[in-house]
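Position one of the sequence shown corresponds to residue 793 (this note's numbering), numbered consecutively onward.
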Amino acid sequence: MSSVLETKQALEAKLSPIVQKAIEFSKTATKGRSFKPLPETSSYSLIDSSIETKSKWQEIGLEAISKGEVGVILMAGGQGTRLGSSKPKGCYNIGLPSNKSLFQIQAEKLRKIEQLANSKYGTDAKINWYIMTSKPTRNDTEQFFIDNKYFGLDSNQVTFFNQGTLPCFDKNGEKILLESQDKLAESPDGNGGLYKAIYTNNLLQDFSKKGIKHIHMYCVDNVLVRVADPTFIGFSIDKKFQLSTKVVRKRDASESVGLIVLDDDLQRPAVIEYSEIDSKLSEQTDDNGLLSFRAANIVNHYYSVELLQNSIENWIDNQEFLPFHIAYKKIPSLNSEGVFHKPTEPNGIKLEQFIFDVFKSIELSKFGCLEVERSEEFSPLKNGSGAKNDTPETSVENYLKLGTKWVKAQGGEVEGKVEVNSLTSYAGEGLEFVKGESFKDLQIV
793 MSSVLETKQA LEAKLSPIVQ KAIEFSKTAT KGRSFKPLPE TSSYSLIDSS
843 IETKSKWQEI GLEAISKGEV GVILMAGGQG TRLGSSKPKG CYNIGLPSNK
893 SLFQIQAEKL RKIEQLANSK YGTDAKINWY IMTSKPTRND TEQFFIDNKY
943 FGLDSNQVTF FNQGTLPCFD KNGEKILLES QDKLAESPDG NGGLYKAIYT
993 NNLLQDFSKK GIKHIHMYCV DNVLVRVADP TFIGFSIDKK FQLSTKVVRK
1043 RDASESVGLI VLDDDLQRPA VIEYSEIDSK LSEQTDDNGL LSFRAANIVN
1093 HYYSVELLQN SIENWIDNQE FLPFHIAYKK IPSLNSEGVF HKPTEPNGIK
1143 LEQFIFDVFK SIELSKFGCL EVERSEEFSP LKNGSGAKND TPETSVENYL
1193 KLGTKWVKAQ GGEVEGKVEV NSLTSYAGEG LEFVKGESFK DLQIV
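So, in structure tokens, the structure goes:
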């Protein structure tokens, strides 16, 4: 028997019962579960916070950066397939006047916040950037950074690592599909695979060696992301939270987004999908007239390194904390006659794990949720040009709109919209020089 068939049989024996449970779970996942909004002790809003509170959190975060205690994890395993590109999504030029890619914008934001922290505290600290790629995107991502001289960062502060894969099963969840006679059909293990990837790539040891105590994690496709956000990090440190998440206010009751909530039965934080909440609950409002369930998940987290060191081994490969979720997909594979084919209908199951499933392992008192202004911090790139939302055009529009707002706030005159260079300003600071100046449409400041 070939080693591939032996591996296949061993994995089937180990995983098939778990996949069967995942299939059953998918039919009954939300039955009988009770949810409430997070309590005020876990839930805070930058929109409603005082300038003093924001400044305090920002200073705490900047100090942590200046001590070299902050690391950043970027989830960048996705390809730009929906954007008409086979390259990694981070390499994509969204169409700004500067023609910068998502990777460049984020690298420059990281450089800028590093500079601001070091300037304030007279230090020379580096923010270590850990970039999670996948098998299809790893080589192109690394080469893109090399070709662009790491966008001005030191190459030794950037670490690339791969997320894992999981085998694809037939529709019954019993047999693993083969891509060829000597290769299993596999797919990336989902954003929940981050934890195993941290563990297997020895990043916990790297955090310890470099004195990193705080991790900011985010996804590559958000053009407005504040990389290593000192306010978010400072908020989490100040409140002694082990795990925190940023959210934006849900636009309206019908917006199709996942929500951060309290699992009332477990008394632990949880994420529920839009489909898991009935219309009566989704339309419910609080005393201020706001939606009760409004904390839209944007997959932007803070982790204390202490939590990761104490928990990751327990989380990974544990169906209680990181269960498999199933998706019926069209999976190119060998058919029953052993011939490779590309199906036109779903023929199998892809397995994935969700990053937020570990939330239920966190005591409520150690979990924080920070609401931020959507127009300042969240504009995802999910779809190609021509789609209704989350396109290159909406990303550019929101990026320019924010920069224009900053310039006008400092007394600059703008004809149309401008792009603020991410090396000029991180979040609107340092733009005093624009006062009384005039800027043309699409000018770079």
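Ideal placement from N, C-alpha and C gives every residue a C-beta, glycine not left out.
- Runs of the beta strand (DSSP E) lying entirely within the segment 1083–1135 and spanning at least 3 residues, in chain order: 1087–1096 and 1117–1121.
- Per DSSP, reduced to three states, the secondary structure at alanine 805 is helical.
- Nearest Cα to cysteine 1161 within the set Tyr1095, Lys1174 and Ser1171: Tyr1095.
- For glutamate 1224, no beta strand (DSSP E) segment is defined, and its DSSP state is neither H nor E.
- Restricting attention to Glu855, Glu1207 and Glu900, the CA atom closest to the CA of aspartate 1030 is found in Glu855.
- Beta bridge pairing from DSSP links glutamate 1211 with Ile1236.
- For cysteine 1161, the pairing in a beta bridge is given by DSSP as Ser835 and Thr1037.
- For aspartate 939, no beta strand (DSSP E) segment is defined; the enclosing uninterrupted segment is the alpha helix (DSSP H) at 930–939.
- For serine 979, the enclosing beta strand (DSSP E) starts and ends at 978–980.
- Spanning the alpha carbons of phenylalanine 827 and glutamate 1112 requires a straight line of approximately 19 Å.
- Three or more Cβ pairs closer than 8 Å define a contact, and the segment 1040–1060 meets that threshold against the segment 1073–1090.
- In the DSSP assignment, isoleucine 905 falls within the unbroken alpha helix (DSSP H) covering 894–913.
- Taken through DSSP and simplified to helix, strand or coil, threonine 1216 comes out as coil.
- Here the C-alpha atom of threonine 957 lies approximately 13 Å from the C-alpha atom of methionine 924.
- In this model, isoleucine 1141 and alanine 1020 are separated by some 36 Å (Cα to Cα).
- From the listed residues Ala1179, Asp946 and Val950, the smallest Cα separation to threonine 933 is found for Val950.
- Here DSSP, grouped into helix, strand and coil, assigns valine 1199 to helix.
- Taking C-alpha positions only, asparagine 940 is separated from serine 893 by approximately 11 Å.
- Within the model, the alpha-carbon separation for tryptophan 849 versus serine 1103 is close to 26 Å.
- The segment 905–920 and the segment 854–872 touch, with no fewer than 3 CB-CB distances between them shorter than 8 Å.
- For the options Val1237, Pro1115, Ser1036 and Gln997, the alpha carbon positioned closest to that of glutamate 1221 is the one of Val1237.
- Excluding its 5 nearest sequence neighbours in each direction, serine 1177 has C-beta neighbours in its own chain below 7 Å: Thr1183, Pro1184 and Glu1185, listed in chain order.
- Judged by their CB atoms, lysine 1038 and asparagine 983 are not nearer to each other than the 8 Å cut-off.
- Bridge partners of aspartate 1055 according to DSSP: Phe827 and Arg1060.
- With a 10 Å radius around the Cβ and a threshold of 16 neighbouring Cβ atoms, phenylalanine 1116 comes out buried.
- Under the DSSP assignment, glycine 863 falls outside any alpha helix (DSSP H), being part of the beta strand (DSSP E) whose first and last residues are 862–867.
- DSSP, reduced to helix, strand and coil, places valine 1049 outside both helices and strands of the structure shown, so it counts as coil.
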